Amino acid sequence: MDFMGGDTLINKDQEGLSVLAARVLTKGTGSMDAPAIEEYLADRAASVAASASRRTFSVSARYPARFSGDILKLFSKMVQTPTLAVEEVNREKVDQVAGIKLREDQPLGLATRNLFPFLFTDSIYSYYHAGIPAQVEKFTQADVDAFWNKQKSMPWVMAVAGEFDRDAIIEFAKQLPTPTEQRPEKFVPVWNKERTKSISLKDRNQAHLFMIFETVPLTSKDTAGLELMQTILAGQSGLLFNDLRDKHGLGYTVTASSWQSTITGFTYFYIGTEPEKEEAAMAGFRRIIKEIQEKPLSEEQIKRGQNLMRGQYYRGHQSLGSRSAEAAGLATAQLPLSYNKDIVDQVQKLTPKDVQEIAKKYLNADKAYILRVAP
């Protein structure tokens with residue numbers, strides 16, 4: 000069950016509140032506290048979970064079909080009348096702050112936590128999604144309760160996969176909260192004018208470097224090409240890893256990744272290296288960009304990327320949970336349910352020349368954002 004909302008329902012000084020609400024939501028309802036719910040679910044080999052993102056809030060359940068009645072009843076109570084007990088709020092605040100501090104104590108975690116606040120200067124995209132420890136510690140049960148009252152009034156989508164009674168699910172859905180609010184308006188975040196950010200993490204003989212390129216939303220015709228290019232560059236058998244790590248010994252972890260929403264997107268190169276190899280590593284990124292812009296990749300490299308994407312798609316759809324999560328997410332984003340499959344199919348038709356043009360269009364090292372964590 001995916002609600003519109005998440006961080007769109009909070010202000011800058013409430014960073015982390017949506018995450019806290021997700022942590023607390025499934026910890027009590029009615030006469031059942033957290034231990035009672037845990038025992039109830041364990042007896043039925045079931046699970047219920049909640050999570051928040053920048054634009055959505057999700058509640059999910061996995062259970063054997065024979066326990067459908069029990070779990071759906073509990074699910075409904077959690078969504079409509081969660082306890083949100085003071086002791087659970089306080090306990091989850093402690094754990095959330097501990098998680099933030101643990102992440103910030105790890106170079107890669109520190110870098111990724113700062114990625115969005117570095118790239119964007121306004122709106123929810125500039126938030127520290129898990130929050131700032133000092134802010135999280137100040138949240139009260141009343142804050143969580145107020146957030147959830149807003150969140151459950153937002154439009155939602157439910158997707159179900161597996162063995163189920165369709166009529167029973169429809170009847171169940173009718174009992175869930177009726178949306179009284181409109182979808183949040185789409186907005187284009189402002190990208191940072193500053194293109195370099197350095198973060199110091201002392202007593203670590205590591206440097207973690209990101210070269211980040213602004214791209215396009217999911218709905219762009221270039222998405223398939225961007226996905227194929229990223230797949231070819233990424234992973235232990237990818238072009239970046241084979242060149243920078245295996246051939247030149249410039250890093251111990253090298254990859255490429257991407258992020259897109261229906262509003263904007265970016266692709267990035269990442270390397271974990273030694274501080275004295277920073278300049279050589281960044282020069283290596285620029286050299287590879289120049290090479291794939293000046294000379295098309297081989298047919299073999301293109302075919303490998305196409306096969307990887309097809310394999311990843313079907314492996315990712317082996318579980319019922321992944322299928323229902325995909326369907327709910329696409330419906331919430333107002334994208335066709337066949338969207339991901341359509342991208343994979345489009346990728347199969349791309350040529351080396353197509354990927355070369357994508358590289359020329361988006362991989363501009365002179366305009367890239369550079370994020371580094373080093374001693």
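For the sequence shown, numbering that gives the first Met the number 0 gives the first residue as 0, with consecutive numbering after it.
Backbone N, C-alpha and C define an ideal beta-carbon position, used for all residues, glycine too.
Nothing here was measured: the structure is a model prediction, and the numbers come from that model.
7 angstroms CB neighbourhood of residue i in its chain, flanking five on each side removed
i	result
Q134	D12, E14 and G15
Other residues of its chain near residue i: CB distance less than 6 angstroms, five sequence neighbours each side excluded
i	result
G283	L243 and L249
V215	D221 and G264
M308	T230, V343 and V346
K196	F117 and L370
A158	S323, A326 and A327
F56	F2, G4, G5 and Q150
I301	P351
Counted within 10 angstroms of its Cβ, other Cβ atoms place residue i as buried (16 or more) or exposed
i	result
S52	buried
D94	exposed
P81	buried
Y361	buried
P274	exposed
G5	buried
A367	buried
Distance, residue j Cα to residue i Cα
i	j	result
L225	Q311	16 angstroms
R285	Q347	27 angstroms
F115	S125	6 angstroms
K220	Q345	10 angstroms
T252	E298	26 angstroms
D32	L208	45 angstroms
P351	E293	12 angstroms
A35	S321	27 angstroms
S75	Y267	40 angstroms
E356	Q181	40 angstroms
W155	K173	12 angstroms
V85	A332	34 angstroms
S400	A145	No information on residue 400 is available, as it lies outside the stretch 0 to 374 that the chain covers here.
T7	P183	7 angstroms
L109	A129	12 angstroms
Top-ranked residue by Cα proximity to residue i, from the options
i	options	result
L296	D341, I342, V156 and T230	T230
T263	L73, S122, F56 and M77	S122
D1	A20, S50, T28 and D42	S50
P63	Q333, E162, V372 and A326	E162
A41	Y267, A367, R61 and E103	R61
S46	R182, F186 and S59	S59
I99	L232, V18, I270 and I211	V18
G304	L336, L227 and Y313	L227
K137	I287, V88, N148 and V189	V88
A223	D245, S257 and A206	S257
M210	L238, W147 and A280	A280
F119	T139, N191, T28 and S67	N191
Q79	L239, T25, K276 and K289	T25
A364	K340, I291 and P335	I291
Reduced DSSP secondary structure (H/G/I, E/B, other) of residue i
i	result
P216	coil
P81	strand
M308	helix
L177	For the record, residue 177 in the displayed sequence is Thr; it is not Leu. In this structure, T177 counts as coil in the three-state DSSP scheme.
G328	helix
I9	coil
M281	helix
T139	coil
L349	coil
Y127	coil
D228	Asp is not the amino acid found at residue 228; the sequence shown has Met there. M228 falls in the helix class under three-state DSSP.
Q236	One point to set straight first is that residue 236 is Ser, not Gln, in the sequence displayed. Reduced to three states, the DSSP call for S236 is coil.
Cut-off 8 angstroms between Cβ atoms - residues of its own chain near residue i, not counting five sequence neighbours on either side
i	result
Q317	none
F186	S122 and I262
P132	V96, I99 and K100
K201	P374
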